[in-house]
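Notes for the one structure printed next.
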Amino acid sequence: MEGTDRREKIIELLKNSAEPLSGAALAKRLKVSRQVIVQDIALLRAYDRNILSTNKGYILFQSAEGGVSCKRTVAVNHTDEQMRDELYTIVDCGARVLDVVVEHEVYGQITVDLFLQSRQDVDEFITKIASSNAQPLKSLTNGAHFHTLEADSDEILERTERALREKGF
Numbered sequence: 665m666e667g668t669d670r671r672e673k674i675i676e677l678l679k680n681s682a683e684p685l686s687g688a689a690l691a692k693r694l695k696v697s698r699q700v701i702v703q704d705i706a707l708l709r710a711y712d713r714n715i716l717s718t719n720k721g722y723i724l725f726q727s728a729e730g731g732v733s734c735k736r737t738v739a740v741n742h743t744d745e746q747m748r749d750e751l752y753t754i755v756d757c758g759a760r761v762l763d764v765v766v767e768h769e770v771y772g773q774i775t776v777d778l779f780l781q782s783r784q785d786v787d788e789f790i791t792k793i794a795s796s797n798a799q800p801l802k803s804l805t806n807g808a809h810f811h812t813l814e815a816d817s818d819e820i821l822e823r824t825e826r827a828l829r830e831k832g833f
């Protein structure tokens with residue numbers, strides 16, 4: 665399969681998948697190495713395909729129905745113990761957590777896609793951090809970090825920011 669055809673197939677697989685697809689799963693399905701998939705994803709992103717790399721695999725990010733979605737970046741700060749509550753607050757208000765961003769004094773801006781939209785997503789994310797002995801990205805900046813949030817309306821984002829403020833995040 666030629667590169668162009670393979671990349672079209674990747675888009676098709678991601679569009680039709682109800683859950684994220686790992687690089688290994690895509691590689692097996694397309695009978696290429698995982699590295700080829702990583703390179704294809706990079707090329708697709710360069711051509712403005714909105715593919716997110718989450719802790720569960722790749723997803724093709726598509727805006728809410730009708731193409732209407734609102735985004736906002738919020739600054740937050742909390743302890744490790746408060747992380748689940750912070751993320752629950754966001755998804756319970758109806759917003760989606762697209763990423764986490766920290767401003768590191770040496771490396772600059774570090775951004776990692778999350779795409780958390782439910783309590784189940786949050787629980788899986790928290791469990792993965794705990795079971796891997798990895799530190800949350802916010803540990804690089806004494807808890808200070810940003811999230812890009814997306815919702816179907818500005819009112820949802822306003823409600824989400826208000827709830828985060830009320831909880832002291």
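With the sequence shown counted from 1, adding 664 to any position gets you the working numbering.
Just so you know, even glycine gets a beta-carbon here, dropped at the ideal spot from N, CA and C.
Checklist line | DSSP-derived helix/strand/coil call for D669 | finding: Here the question's residue 669 lines up with position 5 in the sequence shown. Note: D669 maps to helix in three-state DSSP.
Notebook entry, point to check: Three-state secondary structure (DSSP) at G730?
Noted result: By one-based count along the sequence shown, residue 730 stands at place 66. Because the pLDDT of G730 is 48, which lies under 50, any placement of that residue in the model is unreliable, and the number read from its coordinates should be weighed accordingly. In this structure, G730 counts as helix in the three-state DSSP scheme.
Item checked: The alpha helix (DSSP H) enclosing R698, as first and last residue numbers -> Position 34 of the sequence shown, counted from the first residue, corresponds to residue 698. Its alpha helix (DSSP H) spans residues R698 to A710.
Item checked: CA-to-CA distance, T812 to G772, given in whole angstroms -> For the purposes of this step, residue 772 is taken as the residue at position 108 of the sequence shown. For the purposes of this step, residue 812 is taken as the residue at position 148 of the sequence shown. Near 17 Å, if we compare the C-alpha coordinates of T812 and G772.
Item checked: Of the listed residues E676, N741, K735 and T824, nearest to L724 (C-alpha basis) -> The residue given as residue 724 occupies position 60 in the sequence shown. For L724, the nearest C-alpha among the options comes from E676.
Notebook entry, point to check: Using a Cβ-Cβ cut-off of 6 Å (strictly less than) and excluding sequence neighbours within five positions of T721, which residues of its own chain qualify?
Noted result: Within the sequence shown, the letter at position 57 stands for residue 721. The identity of residue 721 in the sequence shown is Gly, whereas the question assumes Thr. Within the same chain, G721 has close Cβ partners P684, L685 and S686.
Next item on the list: Pull up the distance between the alpha-carbon of E767 and that of T805, whole angstroms please.
Entry: Counting from 1 along the sequence shown, the entry for residue 767 is found at position 103. Counting from 1 along the sequence shown, the entry for residue 805 is found at position 141. Using only the alpha carbons, I get a separation of about 7 Å.
Next item on the list: Return helix, strand or coil for I675, following the three-state DSSP convention.
Entry: By one-based count along the sequence shown, residue 675 stands at place 11. Of the three classes helix, strand and coil, the one that applies to I675 here is helix, per DSSP.
Next item on the list: Would you kindly report the start and end of the unbroken beta strand (DSSP E) that includes V776?
Entry: For the purposes of this step, residue 776 is taken as the residue at position 112 of the sequence shown. That run of the beta strand (DSSP E) goes G772 to L780.
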